[in-house]
Amino acid sequence: MPTLRIAILECDTPLDKVLDKYGSYGDIFTALLQQASAEVTAEGAEEVKVECTNYDVVSKQEYPEDLSKVDAILMTGSKHNSFDNDPWILKLVDFTKKILDTQSRIRVLGICFGHQIVGRALGAKVARGNQGWEVSVTPLELTSVGKQVFGVESLSIHQMHQDMVYTYPSDILPLAHTTRCENQGMYAKNRLITVQGHPEFNAEMVTHILGARHDAGVFKDEIYEDGIKRVEETHGGEVIARAFVRFLLD
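Residues in the sequence shown are numbered consecutively from 1, following the UniProt record's numbering.
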């Protein structure tokens, strides 16, 4: 049985209510990917074991020491700005650039903030979006490549962002877009796959985030109420997770 050794670079800590129930973002992604690997196996693929190790790249700035023992890195979402120049963010950008520039074996996966870090590492403009927040379950307009990679004709995903990658780096294929965000995902075969949305989120998690940011005054009533209205809609997090596993096995 092959083993996929994934280093999860945790770029934030969940809200306490989420952390207490589901664990860290690394724990949440581990559960998602392990379930996806079982589903991909059930589809007829060779049985594979997913082995994840979490690294706190924010407060501890820790990274895998021996890259020969890593098959992929996954960068999580974050409340922080991917375009800021805090030391830990610059270190993360440099690490990502090093992985992408110097080797062809380790695959790179990026989620939301992680998606933006990949864009920044590849030289794309990353900045605040000009159309405000995009939250809760949102339908994507898949490209032909996106339909092929995800194996579906249509797909929705939880969103929680106001920043975006403005351009597509060279040799990178677009996966999807929305009316508020042109770059909803990037793909390069055997190299990287990223999504702006959150396949790891569920309705409960997003409800907590919407409520906390509304209480803090980050979200106005209109954004909060619109997000709550859509939070229980069907989303394709498991579809995306299976695509991640197939990408890693390819």
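From the three backbone atoms N, C-alpha and C, an ideal C-beta is built for every residue, glycine too. These figures come from a predicted structure and were not determined experimentally.
Quiz item: Are the Cβ atoms of ALA72 and ARG242 separated by less than 7 Å?
Solution: Your numbering for residue 72 matches position 72 in the sequence shown. Your numbering for residue 242 matches position 242 in the sequence shown. Taking 7 Å as the Cβ cut-off, ALA72 and ARG242 do not qualify as a contacting pair.
Quiz item: Where DSSP assigns a beta bridge to ARG5, which residues make up the other side?
Solution: Taking the sequence shown and counting its residues from 1, the one referred to as residue 5 is at position 5. Answer is GLU51, bridged to ARG5.
Quiz item: Roughly how many angstroms lie between the CA atoms of PRO2 and LEU74, to the nearest whole one?
Solution: Residue 2 sits at position 2 when you count from the first residue of the sequence shown. Residue 74 sits at position 74 when you count from the first residue of the sequence shown. The alpha-carbon atoms of PRO2 and LEU74 are separated by roughly 19 Å.
Quiz item: Does the distance from the CB of HIS208 to the CB of SER156 come in under 7 Å?
Solution: Along the sequence shown, read from residue 1 onward, the residue named residue 208 stands at position 208. Along the sequence shown, read from residue 1 onward, the residue named residue 156 stands at position 156. Their beta carbons are not under 7 Å apart, which means HIS208 does not touch SER156 by this criterion.
Quiz item: Relative to the C-alpha of VAL118, which residue among THR138, GLY129, GLY77 and PRO64 is closest?
Solution: On the sequence shown, residue 118 is found 118 positions in, with the first residue counted as 1. The shortest C-alpha separation from VAL118 is found at GLY77.
Practice problem: Just the C-alpha distance for GLU39 and VAL239, rounded to the nearest angstrom, thanks. | Solution: The count along the sequence shown starts at 1 and reaches residue 39 at position 39. The count along the sequence shown starts at 1 and reaches residue 239 at position 239. Distance between the alpha carbons of GLU39 and VAL239: 10 Å.
Exercise. Verify the contact flag: ASN130, CB atom, against every heavy atom of the ligand MN, threshold strictly below 6 Å.
Key: This structure does not include the ligand MN; it has no bound ligands of any sort.
Exercise. Give every residue of the same chain whose Cβ lies closer than 7 Å to the Cβ of LEU15, excluding the five residues on either side of it in the sequence, and list them in chain order.
Key: Here residue 15 refers to the residue found at position 15 when the sequence shown is read from its first residue. Cβ within range, chain order: HIS208, ILE209 and ALA212.
Quiz item: Quick one: Cα of GLU225 to Cα of PRO199, how far?
Solution: In the sequence shown, the residue the question calls residue 225 occupies position 225. In the sequence shown, the residue the question calls residue 199 occupies position 199. Each residue's alpha carbon lies about 22 Å from the other.
Quiz item: CB GLY227 to CB SER136, shorter than 7 Å?
Solution: Residue 227 sits at position 227 when you count from the first residue of the sequence shown. Residue 136 sits at position 136 when you count from the first residue of the sequence shown. Yes, Cβ-Cβ distance for GLY227 and SER136 is below 7 Å.
Quiz item: So, are the CB atoms of GLY146 and LEU109 less than 7 Å apart?
Solution: On the sequence shown, residue 146 is found 146 positions in, with the first residue counted as 1. On the sequence shown, residue 109 is found 109 positions in, with the first residue counted as 1. For GLY146 and LEU109, no; Cβs fall outside 7 Å.
Exercise. Check the DSSP bridge columns for residue 310 and list the partner residues they point to.
Key: In the structure displayed, the chain extends from 1 to 250; residue 310 sits before or after that span and is not available.
Quiz prompt | One or two residues paired with ASP56 in a DSSP bridge | solution = In the sequence shown, residue 56 corresponds to position 56, counting from 1. Per DSSP, GLU10.
Exercise. Could you tell me the distance, in whole angstroms, from the CA atom of TYR168 to the CA atom of MET186?
Key: Looking up residue 168 in the sequence shown gives position 168. Looking up residue 186 in the sequence shown gives position 186. When rounded, the distance between both Cα atoms is 8 Å.
Quiz item: Mapping DSSP to helix, strand and coil, what is VAL70?
Solution: Mapped onto the sequence shown, residue 70 falls at position 70. Of the three classes helix, strand and coil, the one that applies to VAL70 here is coil, per DSSP.
Self-check item: In chain order, each alpha helix (DSSP H) run of at least 4 residues that lies wholly inside the stretch 196-242
Solution: 203-215 and 221-230
Practice problem: List the endpoints of the continuous alpha helix (DSSP H) containing ARG180. | Solution: Position 180 of the sequence shown, counting from 1, holds the residue named residue 180. Looking at the DSSP string, ARG180 is not in any alpha helix (DSSP H), and its letter there is neither H nor E.
Quiz item: Since ARG107 sits in a beta bridge, which residues does DSSP pair it with?
Solution: Numbered from its first residue, the sequence shown carries residue 107 at position 107. ALA72.
Quiz prompt | Three-state secondary structure (DSSP) of THR143 | solution = The residue labelled residue 143 in the question sits at position 143 within the sequence shown. Here THR143 sits in coil by DSSP.
Quiz item: Which stretch, first to last residue, makes up the alpha helix (DSSP H) that contains VAL40?
Solution: Position 40 of the sequence shown, counted from the first residue, corresponds to residue 40. Taken as a continuous stretch (DSSP letters only), the alpha helix (DSSP H) holding VAL40 covers 25-42.
Exercise. Run the CB neighbour count on LEU9, radius 10 Å, all protein chains shown included, and call it buried at 16 or more, exposed below.
Key: As a working note, residue 9 is residue 9 in the sequence shown. Counting Cβ neighbours within 10 Å, LEU9 comes out buried, since at least 16 surround it.
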